[in-house]
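Structure record follows, encoded as structure tokens.
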Amino acid sequence: MTAITEYIKVEGVRIAYQVKGELSDNCPLVMVTGLSGVKEDWGDLANQLAESRRVLVIDNRGMGESDIPSGAYSIEVMAADVLAVADQLDWEQFDLLGVSMGGMISQQLAVLFPQRIRKLVLMSTSHGGPNQTPISVEAFQAFQSDPKASVFDKVKQFLRINYTQQWLDDHPKQFEVNVHDSIKYRRSGRGILNQMSAIMGFNLEEEIKDIDLPTLVVHGSGDRLLDFSNGKMIAEKIPNATLQTIDGAGHLVWMVDRGVSADAVNQFLLA
Numbered sequence: 332m333t334a335i336t337e338y339i340k341v342e343g344v345r346i347a348y349q350v351k352g353e354l355s356d357n358c359p360l361v362m363v364t365g366l367s368g369v370k371e372d373w374g375d376l377a378n379q380l381a382e383s384r385r386v387l388v389i390d391n392r393g394m395g396e397s398d399i400p401s402g403a404y405s406i407e408v409m410a411a412d413v414l415a416v417a418d419q420l421d422w423e424q425f426d427l428l429g430v431s432m433g434g435m436i437s438q439q440l441a442v443l444f445p446q447r448i449r450k451l452v453l454m455s456t457s458h459g460g461p462n463q464t465p466i467s468v469e470a471f472q473a474f475q476s477d478p479k480a481s482v483f484d485k486v487k488q489f490l491r492i493n494y495t496q497q498w499l500d501d502h503p504k505q506f507e508v509n510v511h512d513s514i515k516y517r518r519s520g521r522g523i524l525n526q527m528s529a530i531m532g533f534n535l536e537e538e539i540k541d542i543d544l545p546t547l548v549v550h551g552s553g554d555r556l557l558d559f560s561n562g563k564m565i566a567e568k569i570p571n572a573t574l575q576t577i578d579g580a581g582h583l584v585w586m587v588d589r590g591v592s593a594d595a596v597n598q599f600l601l602a
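Using my numbering, read the sequence shown as starting at 332 and increasing by one per residue.
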């Protein structure tokens with residue numbers, strides 16, 4: 332499903348976005364990607380969900396076709412970017428889906444602007460704070476690539492942590508394809524560092540207890556980047572939340588679960 336990339340300026344920063352799907356009586360959906368992610372990463376998930384609603388996908392500041400402003404970012408600032416695009420589209424209310432860092436941005440929006448959101452989907456994410464299960468040593472090592480390595484090898488090392496070892500062993504050719512697909516798009520090293528600063532400063536452990544929205548928490552049981560326990564904690568703290576466990580899946584659940592998460596999200600949004 333092809334879509335035209337459009338742009339909006341938010342406090343002088345250009346944010347790139349696409350709208351997929353046709354006008355529908357169903358509530359539109361905003362999808363927010365994670366650290367180093369670009370709007371194209373949603374792939375089939377966005378296209379499947381756009382079959383029955385309009386779907387907005389965004390390049391967060393620092394990535395893809397959006398600007399890379401200097402200095403540290405914050406989750407609050409990136410949440411404001413998302414809301415500005417929704418305002419540009421005149422979407423007074425929308426469903427909201429965020430993965431990983433995008434899930435943090437989505438939690439921030441749900442806390443600050445609950446009236447704008449009809450239903451909330453949080454994938455492979457954390458509420459932050461001292462009681463979260465922190466990123467593993469293995470994940471930190473994956474972020475620290477050899478400066479002499481090729482772009483392909485750097486991306487390959489970074490992406491490996493997003494999948495389970497079992498999936499990597501079973502799908503070596505598909506993983507190579509995924510790495511090649513990933514390097515097609517601009518993923519700025521400076522932008523990644525600025526986004527990481529936002530993640531490190533994020534903590535909504537107490538605030539999410541006040542989220543009063545129908546919420547679906549989707550998390551892979553084999554997530555090596557943000558441990559499955561983080562999804563469980565979110566589902567326990569948000570009063571009206573349901574946990575959808577994707578057995579054996581890693582961090583990028585929708586890329587490996589053969590449509591399970593897409594079906595779960597679609598059923599949740601249509602209910």
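Don't be surprised by glycine CBs; every beta carbon is placed ideally from N, CA and C.
Since the model is a prediction, treat every value here as computed from it, not as a measurement.
Whether Ala-415 touches Gln-439 by CB criterion (7 Å): For this step, residue 415 is matched to residue 84 along the sequence shown. For this step, residue 439 is matched to residue 108 along the sequence shown. For the 7 Å CB-CB criterion, Ala-415 and Gln-439 do not form a contact.
Under the assumption that Ile-448 contacts Phe-425 (Cβ atoms under 8 Å), give the Cβ distance between them as a whole number of angstroms. Here residue 448 refers to the residue found at position 117 when the sequence shown is read from its first residue. Here residue 425 refers to the residue found at position 94 when the sequence shown is read from its first residue. At roughly 7 Å, the Cβ-Cβ gap stays under 8 Å, so Ile-448 and Phe-425 are in contact.
Entirely within the region 405-440 and at least 4 residues each: give me those alpha helix (DSSP H) ranges in chain order. Listed in chain order, the complete alpha helix (DSSP H) runs (minimum 4 residues) inside the region 405-440 are 406-419.
Helix, strand or coil for Met-332 per DSSP? For the purposes of this step, residue 332 is taken as residue 1 along the sequence shown, with counting starting at 1. Looking at Met-332 - three-state DSSP - the assignment turns out to be coil, as it is neither helix nor strand.
Could you give the distance in angstroms between the alpha-carbon of Leu-499 and the alpha-carbon of Met-531? Here residue 499 refers to the residue found at position 168 when the sequence shown is read from its first residue. Here residue 531 refers to the residue found at position 200 when the sequence shown is read from its first residue. Each residue's alpha carbon lies about 28 Å from the other.
With a threshold of 8 Å, are at least 3 pairs of Cβ atoms found where one atom belongs to the region 426-445 and the other to the region 516-523? Cβ pair count under 8 Å is below three, so no.
Pull the bridge partners of Ala-347 from the DSSP assignment, please. Here residue 347 is taken as the residue at index 16 of the sequence shown, counted from 1. Residue pairing by DSSP places Ala-347 opposite Tyr-338 in a beta bridge.
Let me confirm a value: Phe-533 is counted as buried when at least 16 other C-beta atoms fall within 10 Å, else exposed. Which label applies? Taking the first residue of the sequence shown as 1, we reach residue 533 at position 202. Taking all protein chains in view, the Cβ of Phe-533 is crowded by 16 or more other Cβ atoms within 10 Å, so the residue is classified as buried.
What span of residues does the alpha helix (DSSP H) with His-502 cover, start to end? Position 171 of the sequence shown, counting from 1, holds the residue named residue 502. Taken as a continuous stretch (DSSP letters only), His-502 belongs to no alpha helix (DSSP H), as it is neither H nor E.
Ile-436 to His-502 span [Cα, whole Å]: Residue numbering aside, residue 436 sits at position 105 when the sequence shown is read from its first letter. Residue numbering aside, residue 502 sits at position 171 when the sequence shown is read from its first letter. Roughly 31 Å between the two C-alpha positions.
Enclosing beta strand (DSSP E) for Met-586 [first to last residue]: Position 255 of the sequence shown, counted from the first residue, corresponds to residue 586. Taken as a continuous stretch (DSSP letters only), Met-586 belongs to no beta strand (DSSP E), being part of the alpha helix (DSSP H) at 584-587.
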